[in-house]
Amino acid sequence: ILTGKTAVVTGSNSGIGLGVAQALAAAGADLVINSFTDTPEDQALAESLARDHGVAVRYIQADMSKPADCRRLIEQAGRCDILVNNAGIQHVAPLEDFPTENWDAIIAINLNSAFHTTAVALPMMRKAGWGRVVNVASAHGLTASPYKSAYVAAKHGVVGLTKVTALETATDPITCNAICPGYVLTPIVEKQIPDQMKTHNMSREDVIAKVMLQRQPSGEFATVEQIGGTAVFLCSDIAAQITGTTISVDGGWTAL
Ligand code: NAD
Numbered sequence: 005i006l007t008g009k010t011a012v013v014t015g016s017n018s019g020i021g022l023g024v025a026q027a028l029a030a031a032g033a034d035l036v037i038n039s040f041t042d043t044p045e046d047q048a049l050a051e052s053l054a055r056d057h058g059v060a061v062r063y064i065q066a067d068m069s070k071p072a073d074c075r076r077l078i079e080q081a082g083r084c085d086i087l088v089n090n091a092g093i094q095h096v097a098p099l100e101d102f103p104t105e106n107w108d109a110i111i112a113i114n115l116n117s118a119f120h121t122t123a124v125a126l127p128m129m130r131k132a133g134w135g136r137v138v139n140v141a142s143a144h145g146l147t148a149s150p151y152k153s154a155y156v157a158a159k160h161g162v163v164g165l166t167k168v169t170a171l172e173t174a175t176d177p178i179t180c181n182a183i184c185p186g187y188v189l190t191p192i193v194e195k196q197i198p199d200q201m202k203t204h205n206m207s208r209e210d211v212i213a214k215v216m217l218q219r220q221p222s223g224e225f226a227t228v229e230q231i232g233g234t235a236v237f238l239c240s241d242i243a244a245q246i247t248g249t250t251i252s253v254d255g256g257w258t259a260l
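For the sequence shown, the tail end lands on 260 under the UniProt record's numbering, and the numbers increase by one without skipping.
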């Protein structure tokens, strides 16, 4: 259903970004995948995605903490029918101890990058006469948790940016929405488990069940395939009137 479209997915050499890239490629889209690294593995990943799905895939290195890199990514892609703003990082600390450099990096990568990429992509979408912006926000774009000040602020910002982008493109054949995942077991979450084990003096299993999934009424992680499927749905023609909104994939977290 996405044959002939080119999708740019930021932060897509692992986790949710990779899952979304795979789902879009399976639906026929050509891909530009991205991270801040530039390794043989990154190039090999592009080649294997192209082979698996029979689509064109390029890896473009660009650091989403840098405005000029964000803009260069879209310019270098040359075409951007689907923009998935996914790159994101996390840091957990009480507000009064939160290091300024971590705050700045989270706001830059999780929020500002989406502003820069969207600003360059929208004229391309208008010219092409079709476009989809899918922002990967979070349940933390709609609710809060202690010790995640920068992340929660950035993700609420992404939801706000999603609404404004939708309004500014409302009369164009372009939509902009945010997917709000609950916990998905990806490297960003895996990295939080040892700290949480220490903080709560709990086993890995207990941290997962009693701390992380305690907020997720289903008691299960969401999967990268489920986030990918939601992105494909938002890119489909049936979703043409869905714009400026959030879709939670969180096992009931935000219903609580
Ligand atoms: P992840 O750590 O597996 O992936 C993050 C991706 O961003 C990686 O590909 C990484 O290379 C890339 N990245 C990091 N810094 C970058 C930079 N400076 N420039 C370019 N790329 C950079 O984590 P994930 O769980 O897949 O997270 C992806 C997105 O989903 C993030 O925005 C995250 O906030 C969001 N999210 C994740 C969860 C979850 O439970 N995993 C829940 C809600 C939202």
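Every residue, glycine too, gets a C-beta built ideally from N, C-alpha and C.
What you are looking at is a predicted structure, and each value in this text was computed from that prediction instead of being measured.
*Determine the burial state of residue 185: buried for a count of at least 16 other Cβ atoms within 10 Å of its Cβ, exposed for fewer.*
Reading the sequence shown from its first residue, position 181 is the one you call residue 185. That one is buried.
*Which listed residue (226, 10 and 18) has its alpha carbon closest to that of residue 32*: Position 28 of the sequence shown holds residue 32. The shortest Cα separation from residue 32 among 226, 10 and 18 belongs to 10.
*Going by the beta-carbon positions, is the gap between residue 13 and residue 24 smaller than 7 Å?*
The sequence position of residue 13 within the sequence shown is 9, counting from 1. The sequence position of residue 24 within the sequence shown is 20, counting from 1. Cβ distance < 7 Å, so residue 13 and residue 24 count as in contact.
_Looking only at its chain, what residues have a beta carbon closer than 8 Å to the beta carbon of residue 208, apart from the 5 residues adjacent to it on each side?_
Numbered from 1 along the sequence shown, position 204 holds the residue referred to as residue 208. Excluding positions up to five away in sequence, the list reads 197 and 201.
*Cβ of residue 187 versus every heavy atom of the ligand FAD: is any distance shorter than 6 Å?*
By its list of ligands, the structure shown excludes the ligand FAD, since it contains just the ligand NAD.
*List the DSSP bridge partners of residue 64.*
Here residue 64 is taken as the residue at index 60 of the sequence shown, counted from 1. In the DSSP output, where bridge partners are listed per residue, residue 64 has 38.
*Since residue 47 and residue 63 are thought to touch, with beta carbons under 8 Å apart, how far apart are those beta carbons, to the nearest angstrom?*
For this step, residue 47 is matched to residue 43 along the sequence shown. For this step, residue 63 is matched to residue 59 along the sequence shown. Right, the Cβ-Cβ distance comes to about 6 Å (below 8 Å), so this counts as a contact.
*Taking the runs of the alpha helix (DSSP H) that are 4 residues or longer, which of them lie wholly in the region 137-172?*
Runs of the alpha helix (DSSP H) lying entirely within the region 137-172, each at least 4 residues long, are 153-172 in chain order.
*asked:* Taking the alpha helix (DSSP H) that residue 231 belongs to, which residues open and close that run?
replied: Here residue 231 refers to the residue found at position 227 of the sequence shown. Segment 228-239, the alpha helix (DSSP H) holding residue 231.
*asked:* Which residue wins for smallest C-alpha separation from residue 121, given the options 199, 88, 133 and 96?
replied: Locating residue 121 in the sequence shown gives position 117, where the first residue counts as 1. Looking at the Cα atoms, 88 is the closest of the given residues.
*Taking 6 Å as the line, does the beta carbon of residue 197 fall inside it for any heavy atom of the ligand NAD?*
Looking up residue 197 in the sequence shown gives position 193. No heavy atom of the ligand NAD is found nearer than 6 Å to the CB of residue 197.
_Threshold first: 4 residues or longer. Then list the alpha helix (DSSP H) segments lying entirely within the region 47-94, N to C._
Within the region 47-94, complete alpha helix (DSSP H) segments of at least 4 residues are found at 71-81, given in chain order.
*Is residue 251 helix, strand or coil when you go by DSSP?*
In the sequence shown, the residue the question calls residue 251 occupies position 247. Strand.
*Helix, strand or coil at residue 185 [DSSP, three-state]*: As a position in the sequence shown, residue 185 is number 181, starting the count at 1. Here residue 185 sits in strand by DSSP.
*Looking at C-alpha atoms only, which residue of 241, 252 and 126 is the closest neighbour of residue 168?*
As a working note, residue 168 is residue 164 in the sequence shown. Sorting 241, 252 and 126 by C-alpha distance to the C-alpha of residue 168 places 126 at the top.
_Cβ-heavy atom distance, residue 191 to the ligand NAD, below 6 Å_ = Walking along the sequence shown from the start, residue 191 turns up at place 187. Yes.
_Is the separation between the beta-carbon of residue 181 and that of residue 249 shorter than 7 Å?_
Start at 1 with the first residue of the sequence shown, and residue 181 comes out as number 177. Start at 1 with the first residue of the sequence shown, and residue 249 comes out as number 245. When the beta-carbon positions are compared, residue 181 and residue 249 come within less than 7 Å of each other.
*Between which two residues does the alpha helix (DSSP H) harbouring residue 124 extend?*
Locating residue 124 in the sequence shown gives position 120, where the first residue counts as 1. Counting along the chain, the unbroken alpha helix (DSSP H) around residue 124 starts and ends at 117-132.
*Can you tell me whether residue 234 is buried or exposed, with buried defined as 16 or more other CB within 10 angstroms of its CB?*
As a working note, residue 234 is residue 230 in the sequence shown. By the Cβ-count criterion, residue 234 is buried, with 16 or more other Cβ atoms from all chains shown falling within 10 Å of its own Cβ.
_On a Cα-Cα basis, can you pick out the residue from 91, 86, 73 and 128 that is closest to residue 110?_
In the sequence shown, the residue the question calls residue 110 occupies position 106. Ranked by Cα distance from residue 110, the first of 91, 86, 73 and 128 is 91.
*asked:* Looking at residue 157: is its Cβ nearer than 7 Å to the Cβ of residue 254?
replied: In the sequence shown, the residue the question calls residue 157 occupies position 153. In the sequence shown, the residue the question calls residue 254 occupies position 250. The beta carbons of residue 157 and residue 254 sit no closer together than 7 Å.
*Which whole-angstrom value describes the C-beta separation of residue 66 and residue 77, a residue pair presumed to lie in contact below a C-beta threshold of 8 Å?*
The residue you call residue 66 lines up with position 62 of the sequence shown. The residue you call residue 77 lines up with position 73 of the sequence shown. In this structure residue 66 touches residue 77 by the C-beta definition: roughly 4 Å separates them, less than 8 Å.
*Quickly, what does DSSP pair residue 135 with across the bridge? List them, please.*
Taking the sequence shown and counting its residues from 1, the one referred to as residue 135 is at position 131. BP columns for residue 135 point to 178.
*Of all the options 187, 153, 176 and 119, which has the alpha carbon lying nearest to the alpha carbon of residue 222?*
Reading the sequence shown from its first residue, position 218 is the one you call residue 222. Checking every option, the nearest Cα to that of residue 222 belongs to 187.
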